Amino acid sequence: MRRRSRHSSTRLSTLSYNYPDLGGHFGQFGGIYMAETLIPAVEELSQQYLRFRDDPEFKAELAYELKHYVGRPSPIYHAKRLSEHLGGAQIYLKREDLNHTGAHKINSAMGQALLAKRMGKKRVIAETGAGMHGVATATVAARFGMECIVYMGAEDIQRQAPNVFRMKLLGAKVVPVESGSRTLKDACNEAIRDWVTNVESTFYIFGTAAGPHPYPMMVRDFQCVIGNEAKVQMPEMIGRQPDAVIACVGGGSNAIGLFHPYIEVPNVQIIGVEAGGYGIASGKHAAPLTANAKVGVLHGNKVNLMQDENGQIIETHSISAGLDYPGVGPEHCLLKDIGRAQYVAADDDEAIAAFDALCRYEGIIPALESSHALAHAIKIAPTMAKDKVLLVNLSGRGDKDMNTVARIKGITL
Numbered sequence: 039m040r041r042r043s044r045h046s047s048t049r050l051s052t053l054s055y056n057y058p059d060l061g062g063h064f065g066q067f068g069g070i071y072m073a074e075t076l077i078p079a080v081e082e083l084s085q086q087y088l089r090f091r092d093d094p095e096f097k098a099e100l101a102y103e104l105k106h107y108v109g110r111p112s113p114i115y116h117a118k119r120l121s122e123h124l125g126g127a128q129i130y131l132k133r134e135d136l137n138h139t140g141a142h143k144i145n146s147a148m149g150q151a152l153l154a155k156r157m158g159k160k161r162v163i164a165e166t167g168a169g170m171h172g173v174a175t176a177t178v179a180a181r182f183g184m185e186c187i188v189y190m191g192a193e194d195i196q197r198q199a200p201n202v203f204r205m206k207l208l209g210a211k212v213v214p215v216e217s218g219s220r221t222l223k224d225a226c227n228e229a230i231r232d233w234v235t236n237v238e239s240t241f242y243i244f245g246t247a248a249g250p251h252p253y254p255m256m257v258r259d260f261q262c263v264i265g266n267e268a269k270v271q272m273p274e275m276i277g278r279q280p281d282a283v284i285a286c287v288g289g290g291s292n293a294i295g296l297f298h299p300y301i302e303v304p305n306v307q308i309i310g311v312e313a314g315g316y317g318i319a320s321g322k323h324a325a326p327l328t329a330n331a332k333v334g335v336l337h338g339n340k341v342n343l344m345q346d347e348n349g350q351i352i353e354t355h356s357i358s359a360g361l362d363y364p365g366v367g368p369e370h371c372l373l374k375d376i377g378r379a380q381y382v383a384a385d386d387d388e389a390i391a392a393f394d395a396l397c398r399y400e401g402i403i404p405a406l407e408s409s410h411a412l413a414h415a416i417k418i419a420p421t422m423a424k425d426k427v428l429l430v431n432l433s434g435r436g437d438k439d440m441n442t443v444a445r446i447k448g449i450t451l
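In terms of the numbering used here, the sequence shown has 120 at position 82, counting the first letter as 1, and numbering is strictly consecutive.
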C-alpha cells in the first residue's frame, strides 16, 4: 500500500478554506491510500477531472442533463403544518427526493458518467447501500449505453429489494456481497477489487464524498448543485439565508453538497446528523464523528473511523442502509476539526418518528436516511423562536424503505 499524507493534525481556519490540497488532503484527512496497481488509475482520474471540470462543453452538457433529464433545480418547500405542530422554528425542505430516480445520488452519478464517457470507458461499476446510488448508476449507464455492475451487501439486498429490482430493470448486474457484515463497507471492498482487476476498461462511479483523492473533491463538486441552488432559492423565499442547514451523514455526499457552499456564509449554522442506531452508548450505531472515533484508513482515505483498540473495523448498525457505514467523508472530518460544522446523532426510533411525522403532516414519504436529518430538526425547532429557519436536505424519497418500515411496525405487505 502506498501512503500519501503530509499533514499532521492541526487546527485550521475557515478564513483560509480551500480544500483539498494538491495531494487530496483536507487537513490531516483524505489523501490516497491505495494498492500500487490503482495509483495510476486515480492519478489519471484526477488529471482528467481537473481537465474537464471547467471545460465549457463539459459544463454545458452536465447542466443540460441536470435540467432536462434529472429535473433540476429541485424546489424548496416550507413544511408549514409540521412547523406549526412543533411550535418553533420554521422547517424548510430542499426536495432532492423529487430528482429523477428519487435521490441526490443522480447528481454525482451523472457528472461521473459524463467524465467516464470522455475518458473512453465503456464499463462502469458502483457500490451501493440503500440502493439509490446503484439505481442512479444503472440509470446513467442506460442513458449512455454503458455496461454496469453494482456491488451490494447481501443484507442490504434483503432490506432494499425494490431498488435491486429497479437496477435490474435498468440493465445492471447486481452482485451480492456475502463477506463481513454484508453491508455498504463490504460492497465498497468488492468494487475496489473489481477496479483493480479491470482498471483499463472500467470507471468506478463512487457513491459518496469519500475514498481516495479525487473522489471526495469530485463527488462534492457535483453535489454542490444542492447548496448553490439553495443559496439562491432561500433569499427568494424568505429574504435571507436560513439560520441552519441540516443534512444526514453516512459517507456524507448529500450533506457536503448542501454544506460546502455555506462554509463561508456567516451566521449559517451547519449541522450533520449521523445514524445513532440503538444509541451511541450501545456501541451499535454508525456515527463516527458523534462518537469521537479515532482516525484510521478505509477505502483509500484517512478519516474518523469506527474501530477497536487494534484498529479493526467495528460492525455498524443503522435502520437506514444508506447510513450504515463505519467511516465518513474526509471533508466532514475537517469541518468538525475546525469547528465549522456540528455533528450529532439521531437514533433509529427518532428517525422512524420523524418519518411518520413528515408523512402525516406534509404528505411526503422521506427516505430513512433523510429522516435522521429531519429528526434533529424536529428536536431543536421547538426550542427556537418562530422567526428562525431550518433548511433540511430531503436527500431521497422513502418508497425504497416501505418493507423496512412495515417490518418494524409489524405490518405484512
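Cβ coordinates follow ideal geometry from the N, Cα and C atoms, glycine included.
Only a predicted model underlies this, so the values are computations on that prediction, with no experimental measurement involved.
* Simplified DSSP state of H63, which is helix, strand or coil -> Counted from its first residue, the sequence shown places residue 63 at position 25. The DSSP-derived three-state label of H63 is strand.
* Return the chain-ordered list of same chain residues with a C-beta closer than 7 Å to the C-beta of K374, the five sequence neighbours on each side being excluded. => Sequence index remark: in the sequence shown, residue 374 carries index 336 (1-based). The residues are L327, Y381.
* Span of the beta strand (DSSP E), counted from its first residue to its last, around D385 -> Indexing the sequence shown from 1 puts residue 385 at position 347. Residues 379–385.
* Asked: Where does V215 fall in DSSP's three states?
  -> Counting from 1 along the sequence shown, the entry for residue 215 is found at position 177. Three-state DSSP puts V215 in a strand.
* Asked: Taking DSSP as the reference, what is the three-state secondary structure of Q279?
  -> Mapped onto the sequence shown, residue 279 falls at position 241. Looking at Q279 - three-state DSSP - the assignment turns out to be coil, as it is neither helix nor strand.
* Start-to-end residues for the alpha helix (DSSP H) that takes in M440 -> Within the sequence shown, the letter at position 402 stands for residue 440. 440–446 is the span of the alpha helix (DSSP H), which, as asked, contains M440.
* For A225, which residues from the same chain have a beta carbon less than 6 Å from its beta carbon, with the 5 sequence-adjacent residues on both sides left out? -> By 1-based counting over the sequence shown, the position of residue 225 is 187. Excluding residues within five positions, the ones whose Cβ falls inside 6 Å are E165, Y189, M190, G191, V215.
* Asked: Considering only C-alpha positions, which residue in the set D437, G62, G365, S358 is nearest to C397?
  -> The residue given as residue 397 occupies position 359 in the sequence shown. Nearest C-alpha to C397: D437.
* K340 by DSSP, collapsed to three states: which one? -> Taking the sequence shown and counting its residues from 1, the one referred to as residue 340 is at position 302. If DSSP states are grouped into helix, strand and coil, K340 belongs with the strands.
* Identify, in the order they occur along the chain, each residue of the same chain with its Cβ nearer than 6 Å to the Cβ of L372, setting aside the five sequence neighbours on each side. => As a working mapping, residue 372 is identified with position 334 in the sequence shown. Closer than 6 Å at the Cβ level, and outside the excluded window around L372, lie F64, G65, F67.
* N-terminal and C-terminal residue of the beta strand (DSSP E) that Q471 is part of -> Outside the shown range of the chain (39 to 451) lies residue 471, about which nothing can therefore be said.
* M39 - DSSP class collapsed to helix/strand/coil -> In the sequence shown, residue 39 corresponds to position 1, counting from 1. Confidence at M39 is low in this model, with a pLDDT of 47, below 50, so its placement is unreliable and no value can be given for it.
* Pull up the CB-CB distance for F244 and G265, whole angstroms please, since I reckon it's below 8 Å. => Translated into positions along the sequence shown, residue 244 becomes position 206. Translated into positions along the sequence shown, residue 265 becomes position 227. About 20 Å separates the two Cβ atoms, so there is no contact after all.
* **Anticipated Cβ contact below 8 Å, M272 with Q279, distance rounded** => The sequence position of residue 272 within the sequence shown is 234, counting from 1. The sequence position of residue 279 within the sequence shown is 241, counting from 1. Rounded, the Cβ-Cβ distance is 5 Å, consistent with contact.
* From the DSSP output, in three-state form, read off I416 for me. => Your numbering for residue 416 matches position 378 in the sequence shown. DSSP places I416 in helix when its eight states are reduced to three.
* Asked: Taking the C-alpha atoms as reference points, what is the distance between N441 and A73?
  -> Within the sequence shown, residue 441 is the residue found at index 403, counting from 1. Within the sequence shown, residue 73 is the residue found at index 35, counting from 1. Between the alpha carbons of N441 and A73 lies a gap of roughly 39 Å.
* Asked: Comparing alpha-carbon positions, which option in A313, G289, M275, P254 lies nearest V80?
  -> As a working mapping, residue 80 is identified with position 42 in the sequence shown. Measuring C-alpha to C-alpha distances from V80 to each of A313, G289, M275, P254 identifies P254 as the nearest.
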